[in-house]
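Residue 320 in full-length UniProt numbering is what sits at position 320 of the sequence shown, and the numbering runs on without skipping anything.
The beta carbon of each residue, even a glycine, is placed where N, CA and C say it ideally should be.
Being a predicted model, the structure only gives us computed values, none of them experimental.
A short worksheet on the structure shown next.
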Amino acid sequence: MALFLASVAAAALLDALSRRGLLSAATAAVPASLLPLPLVASDPAALPSLEVAGPSRRSRERYAFTQLPNGVRCLACSDESLTRCEVAVTVACGSLDDPEAYEGLAHLAEHLTLASDPSGLSQFIEERQGDLNAFTGERTTTFHCQFALTRRIKHIASAERAVRQAEAASGADVADGCERFAALFARALSPSPLPPLPLVRQEVGRIDAEMAALLKAPSRALLQVAALKARASRACAWRRLGRGDRTTLRAETSAEAEALRAAAVALRTERYSPATMTLAVVSPLPLDEALQIVGSAFASLSVTAQPPRQPPPQASVIAFDRSRGDAVCVARAGRNAQLCLAWLLRADGEGQAAQRQASALLGHALTSPHKNSLSAALRARGLAPLQERWCCGSAGAAARWREAVALSTAALSRLAARGIDVATVAEVTALSEAAWEFDARPPTAIELSSDLQETVDPSAAVTGARVYNTPPAELATAVQETAAAMATSSPVVTVWAADLSELGIDSSAAAPPLPSPLDRSKSEMVVLKALRNPQGELPPSYVPPKVNELQPPPPNPWVATSFAVVAPEARMGRGSYRFMGQADDESDPTISPLSILQLPGCVDLPALRKAQSSRRSSALLSGVFCQSGIPRPVALIALQINSARNYLMDSTTQTREAARAELWRLTLLQALSPQTALAARAGLRADVSFNTEGLRLAVSGYAQKLPRFMVSLIRSTLRHQPPPAGSAELEAARRAAALTLRERGGKGSLGRDEILKARSYELQEELAQLWHDVKSAQLLFAGDLSLAATDAVARVTQLELNVLLPKATTEGAKRQTSSWVDVEEEIRKWEGKLYKPSFTPIPLARSVCLDPGIAAVLDQCGGV
Numbered sequence: 001m002a003l004f005l006a007s008v009a010a011a012a013l014l015d016a017l018s019r020r021g022l023l024s025a026a027t028a029a030v031p032a033s034l035l036p037l038p039l040v041a042s043d044p045a046a047l048p049s050l051e052v053a054g055p056s057r058r059s060r061e062r063y064a065f066t067q068l069p070n071g072v073r074c075l076a077c078s079d080e081s082l083t084r085c086e087v088a089v090t091v092a093c094g095s096l097d098d099p100e101a102y103e104g105l106a107h108l109a110e111h112l113t114l115a116s117d118p119s120g121l122s123q124f125i126e127e128r129q130g131d132l133n134a135f136t137g138e139r140t141t142t143f144h145c146q147f148a149l150t151r152r153i154k155h156i157a158s159a160e161r162a163v164r165q166a167e168a169a170s171g172a173d174v175a176d177g178c179e180r181f182a183a184l185f186a187r188a189l190s191p192s193p194l195p196p197l198p199l200v201r202q203e204v205g206r207i208d209a210e211m212a213a214l215l216k217a218p219s220r221a222l223l224q225v226a227a228l229k230a231r232a233s234r235a236c237a238w239r240r241l242g243r244g245d246r247t248t249l250r251a252e253t254s255a256e257a258e259a260l261r262a263a264a265v266a267l268r269t270e271r272y273s274p275a276t277m278t279l280a281v282v283s284p285l286p287l288d289e290a291l292q293i294v295g296s297a298f299a300s301l302s303v304t305a306q307p308p309r310q311p312p313p314q315a316s317v318i319a320f321d322r323s324r325g326d327a328v329c330v331a332r333a334g335r336n337a338q339l340c341l342a343w344l345l346r347a348d349g350e351g352q353a354a355q356r357q358a359s360a361l362l363g364h365a366l367t368s369p370h371k372n373s374l375s376a377a378l379r380a381r382g383l384a385p386l387q388e389r390w391c392c393g394s395a396g397a398a399a400r401w402r403e404a405v406a407l408s409t410a411a412l413s414r415l416a417a418r419g420i421d422v423a424t425v426a427e428v429t430a431l432s433e434a435a436w437e438f439d440a441r442p443p444t445a446i447e448l449s450s451d452l453q454e455t456v457d458p459s460a461a462v463t464g465a466r467v468y469n470t471p472p473a474e475l476a477t478a479v480q481e482t483a484a485a486m487a488t489s490s491p492v493v494t495v496w497a498a499d500l501s502e503l504g505i506d507s508s509a510a511a512p513p514l515p516s517p518l519d520r521s522k523s524e525m526v527v528l529k530a531l532r533n534p535q536g537e538l539p540p541s542y543v544p545p546k547v548n549e550l551q552p553p554p555p556n557p558w559v560a561t562s563f564a565v566v567a568p569e570a571r572m573g574r575g576s577y578r579f580m581g582q583a584d585d586e587s588d589p590t591i592s593p594l595s596i597l598q599l600p601g602c603v604d605l606p607a608l609r610k611a612q613s614s615r616r617s618s619a620l621l622s623g624v625f626c627q628s629g630i631p632r633p634v635a636l637i638a639l640q641i642n643s644a645r646n647y648l649m650d651s652t653t654q655t656r657e658a659a660r661a662e663l664w665r666l667t668l669l670q671a672l673s674p675q676t677a678l679a680a681r682a683g684l685r686a687d688v689s690f691n692t693e694g695l696r697l698a699v700s701g702y703a704q705k706l707p708r709f710m711v712s713l714i715r716s717t718l719r720h721q722p723p724p725a726g727s728a729e730l731e732a733a734r735r736a737a738a739l740t741l742r743e744r745g746g747k748g749s750l751g752r753d754e755i756l757k758a759r760s761y762e763l764q765e766e767l768a769q770l771w772h773d774v775k776s777a778q779l780l781f782a783g784d785l786s787l788a789a790t791d792a793v794a795r796v797t798q799l800e801l802n803v804l805l806p807k808a809t810t811e812g813a814k815r816q817t818s819s820w821v822d823v824e825e826e827i828r829k830w831e832g833k834l835y836k837p838s839f840t841p842i843p844l845a846r847s848v849c850l851d852p853g854i855a856a857v858l859d860q861c862g863g864v
C-alpha cells in the first residue's frame, strides 16, 4: 500500500490545480509602473529591459525581462556555455476554455497551430537535431522548440575573427529559429487563410489516437485526477478530461468539419492574443542581442480588438459535489491498495503562490521524520507508507482508511492549534535557497514562459517557483491557517484496490462515473460508506493519538547554518591535493595503514575520468565535479575498510557469509535511520555497502555538517549490534534482505534460505570476522572542506580504526601537499570503489522501502 499522506496529497493537488490558473484568472499584462525600465543594451534604440536576479553563484546565467509594444512579455536567459537555443511561448488558452459542445477544442487549436508551419520550422528544427512540441493545460497552452547552434566558420584569419564568426552564426540561427517560430502565431492570429479541412480532420485523428493510447493503459496520475474530476460539480468545466477525441471533436461531414474549424479559429483569435502571451528564450547570446532578436520576431504579431482576458466564469471554478461521494474506491486489477486524501484549497491571484508554499511547508511539518509525526503515528498503527495490502486480509481492515483520515484530521487540528516553529520554516527556506543556488538546474524556457503567465513580477517567474520568498514568520502563520482550513473540511478520499470486499461499500449509493471516455475503461468506481462522524465510524481497536503524538517537528540538527564556501586560504587549491600514504612494504611500521587522500575543492572531471577505467567508477564524485569553476558548498567523505572478506554474491563467496553480512547491513541501516532521515531532509546522504574488497561508508551533501555526520556514521557502524532474535526489526530486515538477494542471480535462493535461519549473534560473529581480517583502510575527502575539518575527521577515524588496523604509527608518515604531482596514482587506489549508491531503489518491487521496519525513516524511502 502506498499511503499518500494528507499533506502531501493536498500540496500536490493544490500545485496541479493552481499552477495553470484553475482557480483564478490569468494575470494581466505588466502594469505601466514597471515601464520604462533601465536599459541593458548599449544601443539607444534597443528595447527597454529589466535585468532580473538569478542565483548569485551562477555568474554565467543572466536574466532580463522586456515587454513588446503589442503586449508580449518576454524573459531571456543568457548562458555563454550553451550550444543550443530554447524558445517557448505560453498562451492563455486551455481546456477550461473549451465550449460545452467541443471538449478538446483548445487541444485541437494547439495541433492546428503546429501543423500549419508556414515558414518551415519543422525542417529547420530537424536539420539542427532539435525538438518541436506543445502541450495544453487547463488554462494555458505552451509551445516550445530547441535546436543546436551551428557556429559556421568560413574563413579563419585569426582566432579572434573565428570567435566573432561563430558568435554571428549562432545569432543568425537564433534569429532564424525565432522568426519561423513566431510565424506559427502570426498565422494563428490571421483571419486568412483558414486551415484546410483535410488538415482539421488529420489533427482530429491524431488527437483521437492519443486518447486511444491513453485508454489502453491509463496512468495512475491520470486516473487519480479523473477520480477527483468525477466528484466535481456538474456545472464545473473541470469535470471533463479536456483532451477530446472523435466523439467530442466531430469532423466526419464537411459541415461538421467547417463548424469545428470555425470554432478553433475563433478560440485562437481570442485566446492567442499578444496581450496575454508570454515568451522565453534561453541561449548563449548576450541578453540585449537575444531580446532584440525575439522582439523583432514577435513584435509584428497583430494586436486583436478583443479586450484583455477576463476572469474565468464561475463554472470554471472547481467545486466538489458532496452528494457524489467524498469517499470512493477505484478498482484496478493487479494493483496494491493505495490511499489518497485531497483537500481543495482556494486562492486567487497572487495568493496562489503563497498558498502553494504554505501547503508544501505543511507537508514537511506532517511528514518530517520524528517520533511524534503523522508518519510515525500511521506507522505505529500498521498504516506504514508502502506497506502492501493494508486494506484486506486482516481483522478490521475495512476501517483502515477511516483510521488514516481520522489521524490526518487530528494532526491538522493540532497543527492549526499549535502552529509550527518559525525555526522550522527558516530551515526549509534556507535549504530551498541553497538548492537553487548550488544544486538545482536552471529553469528551462518552458518553465520561464509558463511561470511568467502566473505573475506580474518577472523575478517571481525566475525564482518564485523555486524558493520561499516570504518571511518565515508570515509563512508560519500561513501554514497554521492552511492547517485550520483543512482540519475543518472533509477530504476527498480515494482508495485504489483490487479487492473491495473489506472496504465498507455503500451499496445504496450510485458511484460517480469517471470522465468520458475513461468511464469505458477497465477501472470502475464504487462509493464507500461515508465518514460522517470519524470517531463513531472507527472500530474499537482504533488507538487514538496520544498527547505527545502528531506534533510539529523539532529543530533539525543537520541543517547547515551557513552555505558559504570555505575561504580560499583554508581549503585546497584547485590544482593541488594532499595525501598520507602507505608504504609499499607493509612491514614498515612508520607508515599508517590508513591511506588518506584529499582532492581539491573543485574536482576536475577530465583528469578524474582519465585516471579511472570508466565514467561509472567515479560516479560517487559527481556532486563535487567542477561546474564552470563556481565554488559550491558541497563535499564527499568516503571510508573504505579493506578486508579479506568478500560479501558480494558471486562464485567466490560463501552464501552463508554473504547472506549474514547483507542482513547485518540492513539492520545497521535500520538503526541509523533516525539520523539519516533527518540528515536527508537537510541535504546529506549516507551509504553503507559491501564491495569486493570490504566495506564502504560514504556521505555527501552540504559541507558544513558533513564531517560531524561522517564521524557519527563511523562510530555507529563499528559499534552496531543487530537487534535481538524475534524482534520486529530483525524480521523486517530478513524480508528486505530476501528482496535484495533475489536480484543477485544464481545463489539468490540459497541466500534467502540462509537469511531465514540466521540468528542475531551469528550476524555479529560474521562482522567480527570481517573486522578481524581488516588489512588497511582508505579515507577520501573531496569538495569544499577546510584543511582543519579534514584533519579532525582523519584523527578521529584513525583512533576509531586503531583496534582494527595492523599495528603502526603515524609518526613519520608520508605527507605531501603539491600542485604538480600527478594525482592519478592515488585515485587509482579507489578504482571500482567510487560507484554511486542507490539512494532511490527502483523499481518499487525491488525496494527495501516495501518493508515498514526498514522504510520507517530511511533517506532512500523519502523520509516518510
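So is Ala-395 buried or exposed if we call it buried at 16+ other beta carbons inside 10 Å?
-> Since pLDDT at Ala-395 reaches only 40, below the 50 mark, its modelled position is unreliable, and the value read off the structure follows with that caveat. By the Cβ-count criterion, Ala-395 is exposed, with fewer than 16 other Cβ atoms from all chains shown falling within 10 Å of its own Cβ.
What's the call for Pro-722, buried or exposed, on a 16-neighbour Cβ count within 10 Å?
-> With 16 or more other Cβ atoms within 10 Å, it is buried.
In its own chain, which residues sit with a C-beta less than 8 Å from the C-beta of Leu-301, not counting the 5 before and 5 after it?
-> Hits under 8 Å: Asn-70, Val-72, Ala-182, Phe-185, Ala-186, Leu-189, Pro-274, Met-277.
Run of the beta strand (DSSP E) containing Tyr-702, from where it starts to where it stops | DSSP places Tyr-702 in the uninterrupted beta strand (DSSP E) bounded by 694-702.
8 Å Cβ cutoff met for Leu-412 and Ala-511 | Against a cut-off of 8 Å, the Cβ pair of Ala-511 and Leu-412 comes out as no contact.
Let me know the secondary structure DSSP gives Ala-808 once reduced to three states.
-> The predicted position of Ala-808 is uncertain, since its pLDDT is 48 and thus under 50; no value can be drawn from it.
Check Trp-558 in the structure and name its three-state DSSP category.
-> Three-state result, Trp-558: coil.
N- and C-terminal bounds of the alpha helix (DSSP H) containing His-144 | Where His-144 is concerned, there is no enclosing alpha helix (DSSP H), although the beta strand (DSSP E) it sits in stretches over 141-148.
Strand pairing of Cys-77, partner residues [DSSP] = Answer by DSSP bridge pairing, in chain order: Tyr-63, Val-282.
Hey, out of Leu-804, Ala-788, Leu-799, whose CA is closest to Gln-769's CA?
-> Of the candidates Leu-804, Ala-788, Leu-799, the one whose C-alpha sits nearest the C-alpha of Gln-769 is Leu-804.
Are the beta-carbon atoms of Ala-251 and Val-282 separated by less than 8 Å?
-> Not closer than 8 Å, so no.
Opening and closing residue of the beta strand (DSSP E) in which Val-803 lies | Judged by DSSP secondary structure, Val-803 falls outside any beta strand (DSSP E); it is assigned neither H nor E.
Rounded straight-line distance, which links the Cα of Val-624 to that of Asp-131 = Looking at the two C-alpha atoms, the distance is approximately 31 Å.
Which of helix, strand or coil does DSSP assign to Arg-735?
-> Helix at Arg-735.
Taking Cβ to Cβ, would you say Trp-401 is nearer than 8 Å to Leu-339?
-> Going by C-beta atoms, Trp-401 is nearer than 8 Å to Leu-339.
Same chain, Cβ closer than 7 Å to Ile-842, five either side skipped, listed in chain order = Interpretation of Ile-842 is limited by its pLDDT of 32, a score under 50 that renders its predicted location unreliable; the figure taken from the coordinates is listed afterwards. Non-local beta-carbon contacts of Ile-842 in its own chain, meaning distances under 7 Å to residues more than five positions away in sequence, are absent.
From Ala-209, Ala-237, Pro-191, Leu-279, residue whose alpha carbon lies closest to that of Ala-263 = Closest option to Ala-263, judged by alpha-carbon separation, among Ala-209, Ala-237, Pro-191, Leu-279: Pro-191.
Does DSSP put Ser-776 in a helix, in a strand, or in coil?
-> Here Ser-776 carries a strand assignment [DSSP, helix/strand/coil].
Which residue's Cα is closest to the Cα of Ala-297: Arg-231, Val-89, Leu-431?
-> With distances taken between CA atoms, Ala-297 lies nearest to Val-89 out of Arg-231, Val-89, Leu-431.
Unbroken beta strand (DSSP E) runs of length 3 or more, entirely within the UniProt domain "Peptidase M16 N-terminal" (78-147): which are they?
-> Counting whole runs of 3 or more residues, the UniProt domain "Peptidase M16 N-terminal" (78-147) contains the beta strand (DSSP E) stretches 84-91, 131-136.
Find out if the Cβ-Cβ distance for the pair Lys-833, Gln-640 is shorter than 8 Å.
-> It is a contact, given that the beta carbons lie within the stated cut-off.
Would you say Ala-465 reaches chain C, if we count a Cβ-Cβ gap shorter than 8 Å as a contact?
-> Absent here is chain C; the protein component of the structure consists of one chain.
Excluding the 5 residues preceding and the 5 following Glu-110 in the sequence, name in chain order all residues of the same chain whose CB lies nearer than 7 Å to its CB.
-> For Glu-110, same chain residues with a beta-carbon under 7 Å away, outside a window of 5 residues either side, are Ala-134, Thr-136, Thr-141 in chain order.
Count the other CB atoms, across all protein chains shown, that sit within 10 Å of the CB of Pro-99; report buried if there are 16 or more and exposed otherwise.
-> Burial call: exposed.
Since Cys-77 and Leu-448 are thought to touch, with beta carbons under 8 Å apart, how far apart are those beta carbons, to the nearest angstrom?
-> With a Cβ gap of about 7 Å, Cys-77 and Leu-448 count as contacting.
Own chain, CB closer than 7 Å to Pro-195, minus 5 neighbours either side, in chain order | If we look at Pro-195 and ignore the five residues flanking it on each side, its Cβ neighbours are Leu-112, Ser-116, Arg-261.
Keeping to the same chain, check which residues put their C-beta closer than 6 Å to that of Gln-465; ignore five residues upstream and five downstream.
-> Reading off the sequence shown, one finds Ala at residue 465, where the question assumed Gln. Counting only Cβ-Cβ distances below 6 Å, and skipping sequence neighbours, we find Asp-451.
CA-CA distance, Asp-321 and Pro-513?
-> Cα to Cα, the separation comes out at about 13 Å.
Could you check where the alpha helix (DSSP H) with Glu-51 kicks off and where it finishes?
-> Annotation: Glu-51 is outside any alpha helix (DSSP H); the continuous beta strand (DSSP E) that includes it extends over 50-52.
Is it true that the segment 196-216 meets the segment 239-254, where meeting means three or more beta-carbon pairs spaced less than 8 Å apart?
-> The segment 196-216, when compared against the segment 239-254, does touch it at the 8 Å Cβ threshold.
For Thr-717, which residues from the same chain have a beta carbon less than 7 Å from its beta carbon, with the 5 sequence-adjacent residues on both sides left out?
-> Leu-668, Val-688, Leu-697.
Under a Cβ-count criterion, where at least 16 other Cβ atoms within 10 Å of its own Cβ denotes burial, should Glu-61 be classed as buried or exposed?
-> Around the beta-carbon of Glu-61, 16 or more other beta-carbon atoms lie within 10 Å, marking it buried.
Taking Cβ positions, are Ile-446 and His-144 nearer each other than 8 Å?
-> Cβ distance < 8 Å, so Ile-446 and His-144 count as in contact.
Contact check, Leu-730 vs Ala-686 under 8 Å by CB: the rounded distance?
-> Rounded, the Cβ-Cβ distance is 21 Å, inconsistent with contact.
Integer Cβ distance of Ala-782 from Leu-621, believed to fall under 8 Å = Cβ atoms of Ala-782 and Leu-621 come within 8 Å of each other, at about 6 Å.
Return yes when the Cβ of Leu-291 is within less than 8 Å of the Cβ of Leu-47, no when it is not.
-> Yes.
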